[in-house]
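Below you'll find the structure, written out as structure tokens, and then a few comments.
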Amino acid sequence: ERSELNSYRGKTSQTLDGVRVELAANIGNPDDAKKALEYDAEGIGLFRTEFLFMDRNTAPSENEQFEAYKSVALIMGGKPVIIRTLDIGGDKEIPYMNIEKDENPFLGYRAVRLCLDRKDDIYKPQLRALLRASAFGNIKIMIPFITGVDEFRAAKAAVLEAMKELDLEGIKYNRGIEIGVMMETAAASIMADVIAKEADFFSIGTNDLTQYTLAVDRGNTKISYLYSTYNPAVLRSIRNIIYAGKNAGISVGMCGEAAADPKMVPLLLAWGLDEFSMSASSILKTRKAVMGYDTALLKEIADKALSFATEEEVRHYLEGIC
Ligand code: PEP
Ligand code: MG
């Protein structure tokens, strides 16, 4: 089966009737980027920068971060590289940061909330490092855990501040760097049309979107039977985000686990998802899946899937055809 998948290396990721998509990789460090290329990734759709902060006793300096981001940009040689700003808190703890434990970590002080609160010691150094690295490749910045356009504006203002500092210091960066929103909360999905007007791109984080739409802790095994992207509420939310992005003329990707789920792929293609980001080892199998569909069939599958009222019916239907 491996060698069969190998025949999909170098092929264009497009449907039978020529609709192109980008198949990208999720990474946690520069070494993963090399692996991503070995699996024929067309870009990096999610660099989880938390990993640079883990398994150590102090935060990585601006320079250390700069070297890591720059090396990914260079490894990818001009292919798009979406780097997510620090997404700690919730399930991702970093002991040396001395962050008080919340009673409800998933609904608490985390990600962009924490970064905006600790601009000087945490956010600014990361943004400066990202901007400096943007001179060496096709880097885009992604802001996680956005719940409204005000937070996104505040994050963009922080990027502008970092740009002004670099200007004063005569340091080069990409002035036109794209800044996008990770769409992973129910509020962001409901406000997707409004947020789309101010974002350069969307990337849907289905791992959290599912949790925050269904009120189901993504790590709680007692209720894991409720945690499913086939839930019609999650499907409608995903479709809403894609349509809102497309309406505003921005690119919409997905970097949650659902992007590599063969049962989700036809729905995502039907709704017009532009970029699918996943663990590198799933890229060739997903390319094979994409290349087997045409638009008419996709539309039929997506319409049918959305006609069901329950998760079980949707899952049953998709299992029958994928
Ligand atoms: C997501 O939430 O879907 C996602 C890709 O990010 P993470 O799993 O790191 O929260
Ligand atoms: Mg997430």
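Heads up, the sequence shown is in the UniProt record's numbering, so the first residue is 246 and it goes up one at a time. Virtual Cβ for every residue (Gly too), placed ideally from N, Cα, C. A quick note: this is a predicted structure, and the numbers were derived from the prediction, not measured.
For the ligand PEP, is there a heavy atom less than 7 Å away from the beta-carbon of N452?
-> Within the cutoff, so yes.
Say the cut is 7 Å; is the CB of E396 nearer than that to a heavy atom of the ligand MG?
-> Remark: the C-beta of E396 is outside contact range of the ligand MG, defined as less than 7 Å to any heavy atom.
Does DSSP put N251 in a helix, a strand or coil?
-> Three-state DSSP puts N251 in a helix.
Taking the beta strand (DSSP E) that A269 falls in, what are its first and last residues?
-> Counting along the chain, the beta strand (DSSP E) containing A269 begins and ends at E267 to I272.
Please list the segments of the alpha helix (DSSP H) lying wholly inside the stretch 429-514, counting only runs of 4 or more residues, in order along the chain.
-> DSSP runs (the alpha helix (DSSP H)) wholly in the stretch 429-514: 431-435, 437-441, 451-459 and 477-492.
From V266, V264 and L319, residue whose alpha carbon lies closest to that of P275 | Answer by Cα proximity: L319.
How many Å lie between D445 and S496 at the Cα?
-> Here the alpha carbons of S496 and D445 stand approximately 8 Å from one another.
Spatial neighbours of P477 in its chain, beta-carbon cut-off 8 Å, leaving aside the 5 residues before and after | The beta carbon of P477 is closer than 8 Å to those of L551, F553, A554, T555, E556 and V559 in its chain, skipping five residues each way along the sequence.
Cβ shell of E307 (< 7 Å), same chain only, five flanking positions each side left out = Answer for E307: P370, R373 and A374, listed in chain order.
Taking DSSP as the reference, what is the three-state secondary structure of V394?
-> DSSP places V394 in helix when its eight states are reduced to three.
On the three-state DSSP scale, how would you describe I320?
-> In the structure shown, I320 adopts helical secondary structure according to DSSP, grouped into three states.
Report the residue from D262, N251, I344 and F296 whose alpha carbon sits nearest the alpha carbon of G273.
-> For the options D262, N251, I344 and F296, the alpha carbon positioned closest to that of G273 is the one of F296.
Say yes only if the C-beta of E429 is nearer than 7 Å to one or more non-hydrogen atoms of the ligand MG, and no if none qualify.
-> Checking every heavy atom of the ligand MG against the Cβ of E429, one is found closer than 7 Å.
Got a sec, what are the start and stop residues for the beta strand (DSSP E) G382 sits in?
-> No beta strand (DSSP E) holds G382; DSSP gives it neither H nor E.
Residue range of the beta strand (DSSP E) that includes I328 | In the DSSP annotation of this structure, the continuous segment of the beta strand (DSSP E) that includes I328 starts and ends at P325 to R329.
Separation of A304 from T451, as counted between CA atoms | Cα to Cα, the separation comes out at about 28 Å.
Smallest Cα separation from F292: which of K533, M523, K508 and K549?
-> It is M523 whose Cα lies nearest to the Cα of F292.
Simplified DSSP state of L413, which is helix, strand or coil | In the structure shown, L413 adopts helical secondary structure according to DSSP, grouped into three states.
Using beta-carbon positions only, say whether L514 and L543 come within less than 8 Å of one another.
-> Yes.
The stretch 343-356 / the stretch 392-404 touching (three or more Cβ pairs under 8 Å) = As far as the Cβ criterion goes, the stretch 343-356 does not touch the stretch 392-404, which means the pair count is below three.
Start and end residues, beta strand (DSSP E) containing R293 | Counting along the chain, the beta strand (DSSP E) containing R293 begins and ends at I289 to R293.
Could you tell me the boundaries of the alpha helix (DSSP H) in which E545 lies?
-> Segment T540 to L551, the alpha helix (DSSP H) holding E545.
So what's M536 in DSSP terms, helix, strand or just coil?
-> The three-state reading of DSSP puts M536 in coil, since its state is none of H, G, I, E or B.
When you compare each of E249, R329, F351 and V326 to E338 by their alpha carbons, which one comes out closest?
-> The residue among E249, R329, F351 and V326 with its C-alpha nearest the C-alpha of E338 is F351.
Sequence-distant residues of the same chain with beta carbon closer than 7 Å to L471, five excluded per side | Hits under 7 Å: L459 and V461.
Is R377 buried or exposed, if buried means 16 or more other CB atoms sit within 10 Å of its CB?
-> R377 is buried by the Cβ-count criterion.
Heavy atom of the ligand PEP within 7 Å of R293 beta-carbon | For R293, the distance from the CB to the nearest heavy atom of the ligand PEP is below 7 Å.
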